[in-house]
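Here is the structure we will look at, set down as C-alpha cells.
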Ligand code: GUN
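Residue numbers (the numbering used here): 290 to 573.
Put into C-alpha cells, the structure is as follows:
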C-alpha cells in the first residue's frame with residue numbers, strides 16, 4: 290500500500306512560510322498584490338478564481354478581482370491588461386483560462402508584462418524555463434516537483450514519464466524533471482503502447498483529463514505516481530486521471546484527488562506573486 294502524498298499539508302506549510310514573510314513586509318508598509326481576471330461564467334473557473342482570492346487574503350496579499358462578461362472584446366481585455374501592467378500596486382497578473390470563444394488567448398498572454406506573469410505562460414517566461422533562466426515556474430508543474438521532493442525521491446537518473454503534453458502542465462513538467470536530470474518521456478494521444486511506456490516509469494506524472502485512465506497494470510511496483518487530473522467518475526464524484534484504488538496497491542507513493550496537486554497550484558501562485566513583488570520592488 291502506497292504512502293499518500295498530502296498536498297493539502299504541503300500547501301499549508303508553504304502558504305504559512307509566505308504569510309510569515311508577508312507579515313514582515315507589512316511592517317515596512319509593503320503589501321504584494323495579485324490581479325485575477327475572469328471573463329465569462331465558467332463554473333469551474335469561478336471556483337478556481339475564488340480559491341485564489343481566498344489564498345491571497347490568507348497570506349496577506351492584496352487581491353484585485355476583475356469579473357468581466359463573456360461579451361468582453363479582445364480590445365477591452367487587452368486594455369485592462371495594459372492598465373494592470375502600469376499599476377504599481379499590482380505585482381502579479383493572472384488571466385484565468387480558458388477564455389470564452391472569440392477571445393485571443395495568445396494575444397492576451399503576450400500582452401502581460403513578463404515580470405508580472407505569475408502563471409509563467411508568456412513566451413518570454415516559457416523560453417526562460419527551457420534554458421534554466423526562469424523568474425517563475427509554472428504553478429502546477431512546480432507544485433508537482435514539490436510533492437516529488439516531499440517523498441524524498443531523487444529525480445536524478447530516474448525514468449520519468451509524463452502523460453499529457455499541454456502547454457500548462459505536460460511540456461513544462463518535462464522541462465522541470467529534465468532540469469533535475471531525470472530521463473524524461475512525454476506521452477500523448479498518439480503514443481503507441483502507452484501502458485508499457487508508463488510501466489517503465491519510476492516517476493509517473495499524469496495530466497490528461499480522463500477519469501481513471503491509468504490503471505494498476507500500467508504502473509511499476511514502487512513507482513511514485515502524481516495525478517494532476519480533476520475529473521468526474523461515472524457517478525459524478527470528483528476523481529483523478531489515475532485509478533487510485535487499484536494503483537495505490539502498486540505504487541510506493543501516490544497523490545489523492547482531491548487533496549494532492551490541486552492545493553499545490555495555489556501555493557505556487559502565492560510563491561510566484563511574492564517573487565514578482567521582490568523582483569519589481571523588493572528593495573525599494
Ligand atoms: N486554468 C487552469 N489552470 C490554470 C492556471 O494555472 N492558470 C490560469 N491562468 N488558468 C488556468
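Ideal placement from N, C-alpha and C gives every residue a C-beta, glycine not left out.
Spatial distance of residue i from residue j (CA atoms)
i           : j           : result
residue 410 : residue 457 : 7 Å
residue 426 : residue 408 : 8 Å
residue 510 : residue 394 : 41 Å
residue 540 : residue 490 : 11 Å
residue 375 : residue 483 : 47 Å
residue 536 : residue 389 : 36 Å
residue 544 : residue 329 : 31 Å
residue 455 : residue 392 : 19 Å
residue 495 : residue 423 : 24 Å
residue 360 : residue 366 : 11 Å
residue 421 : residue 524 : 43 Å
residue 354 : residue 565 : 18 Å
Delimiting residues of the alpha helix (DSSP H) encompassing residue i
i           : result
residue 416 : 412–420
residue 363 : 363–375
residue 379 : Unbroken run through residue 379: none, as it is neither H nor E.
residue 561 : 550–570
residue 428 : 428–439
residue 398 : 394–400
Boundaries (first-last residue) of the beta strand (DSSP E) holding residue i
i           : result
residue 353 : 351–357
residue 338 : It is not in any beta strand (DSSP E) - residue 338 instead sits in the alpha helix (DSSP H) that spans 332–348.
residue 450 : 448–452
Would you be able to state if there are at least three C-beta pairs under 8 Å between the segment 376–385 and the segment 394–403?
-> Yes, they touch.
Entirely within the segment 467–533 and at least 4 residues each: give me those alpha helix (DSSP H) ranges in chain order.
-> Complete alpha helix (DSSP H) runs here, min 4: 483–487.
Would you check if there are 3 or more beta carbon pairs closer than 8 Å linking the segment 459–470 to the segment 315–331?
-> In short, these stretches do not touch, since the Cβ pair count stays below three.
Those runs of the alpha helix (DSSP H) which lie wholly inside the segment 295–322 and span at least 4 residues | If we require 4 residues or more, the alpha helix (DSSP H) runs fully inside the segment 295–322 come out as 296–316.
Cβ contact check for the segment 298–311 and the segment 338–358: 3 or more pairs under 8 Å | Judged by Cβ distances under 8 Å, the segment 298–311 makes contact with the segment 338–358, as three or more pairs qualify.
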